[in-house]
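Chemist: I have a structure here, written as structure tokens, and I will follow up with some questions on it.
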Amino acid sequence: MQSLSTVWLYPLILAAGALQAWGPPMNGALRNALVNPWLASLVSFVPIVILLGIILFFLPRPMPTVQTVLATPWWAPWGGVVGAFAVVAGLLFVDRIGAGPFAGLTITANILMSLVIDQYGLFGMPVHHLNSGRMLGGLLMVIGIVLVTRF
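Okay, so the sequence shown: first residue is 0 according to numbering that gives the first Met the number 0, each after it adds one.
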């Protein structure tokens, strides 16, 4: 059970998830318009770089110290590359299989990998052991995506 202090996060997370479904079709349309998938990928990142630059300008605190930058795990900055891979996959494939199957496949893969990350505490995450409820949830995700992609 989550505390009341974190309950307000759930609507924001649900909104983020709903908006995430917009990205692949939007990026697919950008690829169709620009023809070159690599140019489309680059163009899709320009607005977010500008937006984050503006936010950082107005909200510059806190800033890291040299020590915290040097203590950053080597793999941490690669999260952006992982995200870019998802963006490129969306703009290359969403119009071939549809928004529903694309989202279902990526979300199911995300859930299954998240269970592994939680089980072993990868990337500095706290350990949340796999149990029968989590395994059943993963299985239901797989069953759900089979239904979404087949029908």
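Glycine included, C-beta positions come from ideal geometry on N, C-alpha and C.
I'd like to know whether the C-beta atoms of alanine 94 and glycine 27 end up nearer to each other than 9 Å.
Modeler: For the purposes of this step, residue 94 is identified with residue 95 of the sequence shown, where counting begins at 1. For the purposes of this step, residue 27 is identified with residue 28 of the sequence shown, where counting begins at 1. It is worth fixing the name first, because residue 94 is aspartate in this sequence and not alanine. Against a cut-off of 9 Å, the Cβ pair of glycine 27 and aspartate 94 comes out as a contact.
Chemist: Does DSSP put glycine 97 in a helix, a strand or coil?
Modeler: Stepping through the sequence shown from its first residue, residue 97 is reached at position 98. Three-state result, glycine 97: coil.
Chemist: Do you know offhand how far glycine 103's Cα is from arginine 60's?
Modeler: Position 104 of the sequence shown holds residue 103. Position 61 of the sequence shown holds residue 60. For glycine 103 and arginine 60, the distance between alpha carbons rounds to 37 Å.
Chemist: Whose C-beta lies closer than 8 Å to the C-beta of tyrosine 119 among residues of the same chain, with five residues either side of it excluded?
Modeler: For the purposes of this step, residue 119 is taken as residue 120 along the sequence shown, with counting starting at 1. Around tyrosine 119: Val126.
Chemist: Would a C-beta distance cut-off of 9 Å place leucine 114 and valine 141 closer than the cut-off?
Modeler: Within the sequence shown, residue 114 is the residue found at index 115, counting from 1. Within the sequence shown, residue 141 is the residue found at index 142, counting from 1. Not a contact, by the Cβ cut-off of 9 Å.
Chemist: With a Cβ-Cβ cutoff of 9 Å, do alanine 83 and phenylalanine 44 count as a contact?
Modeler: Translated into the one-based positions of the sequence shown, residue 83 becomes position 84. Translated into the one-based positions of the sequence shown, residue 44 becomes position 45. In contact: alanine 83 and phenylalanine 44 (Cβ atoms closer than 9 Å).
Chemist: On the CB-based measure, 16 or more other CB atoms within 10 Å of its CB, does alanine 15 come out buried or exposed?
Modeler: Locating residue 15 in the sequence shown gives position 16, counting from the first residue. So alanine 15 counts as exposed.
Chemist: Rank Asp117, Ala88, Leu139 by C-alpha distance to the C-alpha of methionine 25 and give the top, closest one.
Modeler: Taking the first residue of the sequence shown as position 1, residue 25 is located at position 26. Ranking the options by Cα distance to methionine 25, first place goes to Ala88.
Chemist: Glycine 43 by DSSP, collapsed to three states: which one?
Modeler: Counting from 1 along the sequence shown, the entry for residue 43 is found at position 44. Here the sequence assigns serine to residue 43, which means glycine is not the residue at that position. In the structure shown, serine 43 sits in a helix (DSSP, three-state: H, G or I).
Chemist: Would you tell me roughly how many angstroms separate the C-alpha atoms of glycine 97 and serine 2, rounded to the nearest one?
Modeler: Here the question's residue 97 lines up with position 98 in the sequence shown. Here the question's residue 2 lines up with position 3 in the sequence shown. Going by the C-alpha atoms only, they are around 38 Å apart.
Chemist: Rounded to a whole number of angstroms, what is the C-alpha to C-alpha distance between asparagine 35 and leucine 13?
Modeler: As a working mapping, residue 35 is identified with position 36 in the sequence shown. As a working mapping, residue 13 is identified with position 14 in the sequence shown. Each residue's alpha carbon lies about 32 Å from the other.
Chemist: Look at serine 40 and leucine 90 and say whether their C-beta atoms are less than 9 Å apart.
Modeler: Position 41 of the sequence shown, counted from the start, is the residue given in the question as residue 40. Position 91 of the sequence shown, counted from the start, is the residue given in the question as residue 90. Yes. Within cutoff.
Chemist: Around the C-beta of threonine 5, are 16 or more other C-beta atoms found within 10 angstroms, so that it is buried, or is it exposed?
Modeler: As a first step, residue 5 is located in the sequence shown; it is residue number 6 there, counting from the start. Classification of threonine 5: exposed, given that the 10 Å Cβ count is below 16.
Chemist: Pick helix, strand or coil for alanine 148, following the three-state DSSP scheme.
Modeler: Along the sequence shown, read from residue 1 onward, the residue named residue 148 stands at position 149. Reading off the sequence shown, one finds threonine at residue 148, where the question assumed alanine. Residue state, collapsed to three classes: helix.
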